[in-house]
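Participant: For the sequence shown, the numbering used here begins at 322 and goes up steadily by one. There's a structure below that I have some questions on.
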Amino acid sequence: MADGLEKLEAAAQDFRREADFDFVDPKRLAAVIDGLQGDLCKVLDRGRKRGDYQLARLSPASWAARTCAMSRHSAADRLCVGMHLDSMPETSAALANGEIGYQAASALCHLREQLGEKWEPDNEAEMVGYARQFSVEHFHACCRHARHVADPDGFDKDCAQDF
């Protein structure tokens, strides 16, 4: 019996072969792809936890970048999302159900990482609501504002480093 990844590969091949791209709903396709990005993040995080990167004598981000043929910046993003997504049930469910996109989920996971102990899990549902409502650009601004409110010193420190 085929494992889950083999079934996914076969389904993707069938889609490419049979789909009429003139009539594919881009929003639905993006939701499927974004949900799979969330799954990739979890897979990479599990590899990081197992120490797979150590076998290659690389940093976790370099290992993920090389393994997935992406930049280290993109790999670091995937690792951050993978590290936090399971502990953020509202975000994880909204991403898996196509209610928010990967970029919004990533912004929330990065906010979670930036806030550390100052993260308030009770605020997650509200933030996911904003992610559903706002454009990605406006949601990033919302996350920056939330960071500034919850951790003004950390926000100012990061701004000074960016300057």
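All C-beta atoms in this analysis are idealised placements derived from N, C-alpha and C, irrespective of residue type, glycine included.
1. Inspect the CB distances between the region 417-430 and the region 354-374 and report whether three or more fall short of 8 Å.
2. Can you check which of these residues, D335, A396 and N444, is closest to A471 by C-alpha distance?
3. How would you write the range of the alpha helix (DSSP H) that P381 sits in, first residue to last?
4. Look at the Cβ atom of C401, then the Cβ atom of E434, and state whether they are nearer than 8 Å.
5. Could you check what DSSP says for M409 in three-state terms: helix, strand or coil?
6. Do L432 and A467 count as a contact pair if the criterion is CB distance below 8 Å?
7. Where do the ends of the alpha helix (DSSP H) carrying D335 lie?
8. Answer yes or no: do L436 and A452 have a C-beta to C-beta separation smaller than 8 Å?
9. Between the alpha carbons of D335 and K439, how many angstroms are there, rounded?
10. How would you label G372, buried or exposed, when you count the other beta carbons within 10 angstroms and need 16 or more for buried?
11. When burial is assigned at 16 or more other CB atoms within 10 Å of the CB, is M322 buried or exposed?
Facilitator: Looking at the atomic coordinates:
1. With the rule of 3 Cβ pairs closer than 8 Å, the region 417-430 counts as touching the region 354-374.
2. Comparing Cα positions, the closest option is N444.
3. Counting along the chain, P381 sits inside the alpha helix (DSSP H) bounded by residues P381 to C389.
4. Going by C-beta atoms, C401 is nearer than 8 Å to E434.
5. If DSSP states are grouped into helix, strand and coil, M409 belongs with coil.
6. For A467 and L432, yes; Cβs fall inside 8 Å.
7. Taken as a continuous stretch (DSSP letters only), the alpha helix (DSSP H) holding D335 covers G325 to E339.
8. Cβ atoms of L436 and A452: not closer than 8 Å.
9. For D335 and K439, the distance between alpha carbons rounds to 46 Å.
10. Of the residues assessed, G372 falls on the exposed side of the cut-off, its CB having fewer than 16 other CB atoms within 10 angstroms.
11. Because M322 sits at a pLDDT of 43, beneath the cut-off of 50, its placement in the model cannot be relied upon, and the following sentence gives the value as read from the coordinates. By the neighbour-count rule (16 or more Cβ atoms within 10 Å), M322 is not buried but exposed.
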